[in-house]
Each structure stands twice: as C-alpha cells, then as structure tokens.
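Novice: Dropping the structure in here first, questions after.
Residue numbers (the numbering used here): 1 to 188.
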C-alpha cells in the first residue's frame, strides 16, 4: 500500500468525522508500506514537523510542488510567460493562498491580485462579467489552475482573454532510484 498525505493539512484534519476529514483513525495507516508526503514546499514548518514526527520509522518520500509551465486554452505551452507586471489570479480551489504564494514567488517583480471563488465553483455569467471588469486593461494576463481552466474553456468570452493555465508538477526531494528500489521491494 502506498499512501499520499498532503503536508499542508493540519493535525485536526486527521481526526475522524465529524471533527476532521479522516474516515479512519491514524493507526489505520500502519497497513501502508510507503508514504508520499506531498506539497512539502507549501507546508508550514509546524505542519511538516507534525507529519515527519507522525511517520517516524516509516518509509517516507517527500515531494515538492512546482510550476512546470503555462498552457493557454488552445493548448499552446510555454515554460515561462513573457514578463508580466500585473497578474490576475482566478481560482476556485480549496486553498488558494498557497497557489497565490507560489505565483508571487515565481513572479517576484509582479503585482499579483486574486479573485477567489469557492472550491469546485461553476462560473456563472455574472462571474465572467466580474472577471472581465477586474481584468479590463488593468492586468497583463490571467492565471488559473488547470482545474479552473477546463471550466473556463467552456465559456466563449474566455477564449479572447490572455488566460493561462498554470501546470504544476510533483518534484521528488530524493533520488528517484531509491523510490523505484522501494516499490520493487514492496511488489516482489
């Protein structure tokens, strides 16, 4: 068994329903052979310490999240966007703060402003009008997550925007060979 744990989750979220998000208590993880600790570069030092301490003695592989590149709604890919001084971030994700911080770090010279919608939000005509009004001449581009880009691609007005989906990738914080060796030993 391989278990993925989001290192940005707080300890209380590992409590069982209704207090936290867990379906089983932490002891149920003893069945796992390998743990992937994700988003380590987004986690607070306290959260990362909690996860590392809780998994002491287990086989743990840590991963960072990073920007792979940018893709427009037509599928054109760029490793890096042309210099943008003003960026509008539009997101309908559960934790937009880490997304904003990552973009701000990537474009440290730029002004980054965000419009947040609830997680899994379906964009309405009023939302599109609001985004257009915010964007109108005030920003160089609009950045969204891939998840939100899929939804916005269905909206005709968005096709004319300088809108780019931020493509993320997991980056291992270890030698990939050690991961393959562990997986091979578990499957053997």
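The beta carbon of each residue, even a glycine, is placed where N, CA and C say it ideally should be.
Keep in mind it's a predicted model, so treat the numbers as computed, not measured.
Could you tell me the alpha carbon to alpha carbon distance between residue 64 and residue 170, rounded to whole angstroms?
Specialist: For the purposes of this step, residue 64 is identified with residue 64 of the chain shown, where counting begins at 1. For the purposes of this step, residue 170 is identified with residue 170 of the chain shown, where counting begins at 1. Each residue's Cα considered, the two are about 6 Å apart.
Novice: With 16 as the cutoff for other CB atoms within 10 Å, does residue 152 come out buried or exposed?
Specialist: Position 152 of the chain shown, counted from the first residue, corresponds to residue 152. Result: buried.
Novice: In three-state DSSP terms, what is residue 167?
Specialist: In the chain shown, residue 167 corresponds to position 167, counting from 1. Residue 167: strand per DSSP, three-state reduction.
Novice: Give the single residue among 5, 97, 16 whose Cα lies nearest to the Cα of residue 32.
Specialist: In the chain shown, the residue the question calls residue 32 occupies position 32. Checked all of 5, 97, 16; the closest Cα to residue 32 is 5.
Novice: In the DSSP assignment, the alpha helix (DSSP H) including residue 106 goes from what residue to what residue?
Specialist: Residue 106 sits at position 106 when you count from the first residue of the chain shown. Element bounds for residue 106: 96-106.
Novice: Touching or not, the stretch 167-184 and the stretch 33-42, by the rule of three or more beta carbon pairs under 8 Å?
Specialist: yes
Novice: Under 8 Å between the Cβ atoms of residue 84 and residue 119?
Specialist: As a position in the chain shown, residue 84 is number 84, starting the count at 1. As a position in the chain shown, residue 119 is number 119, starting the count at 1. No; because the gap between Cβ atoms is not below 8 Å, this pair is not in contact.
Novice: Looking at residue 134 and residue 81, is the spacing between their C-beta atoms short of 8 Å?
Specialist: On the chain shown, residue 81 is found 81 positions in, with the first residue counted as 1. On the chain shown, residue 134 is found 134 positions in, with the first residue counted as 1. Contact flag unset, no.
Novice: Would you tell me roughly how many angstroms separate the C-alpha atoms of residue 179 and residue 61, rounded to the nearest one?
Specialist: By one-based count along the chain shown, residue 179 stands at place 179. By one-based count along the chain shown, residue 61 stands at place 61. If you take the alpha carbons of residue 179 and residue 61, they lie about 8 Å apart.
Novice: For residue 23 and residue 13, which I take to be in contact (beta-carbon distance under 8 Å), what is that distance rounded to the nearest angstrom?
Specialist: As a position in the chain shown, residue 23 is number 23, starting the count at 1. As a position in the chain shown, residue 13 is number 13, starting the count at 1. Contact doesn't hold; Cβ gap of about 12 Å is too wide.
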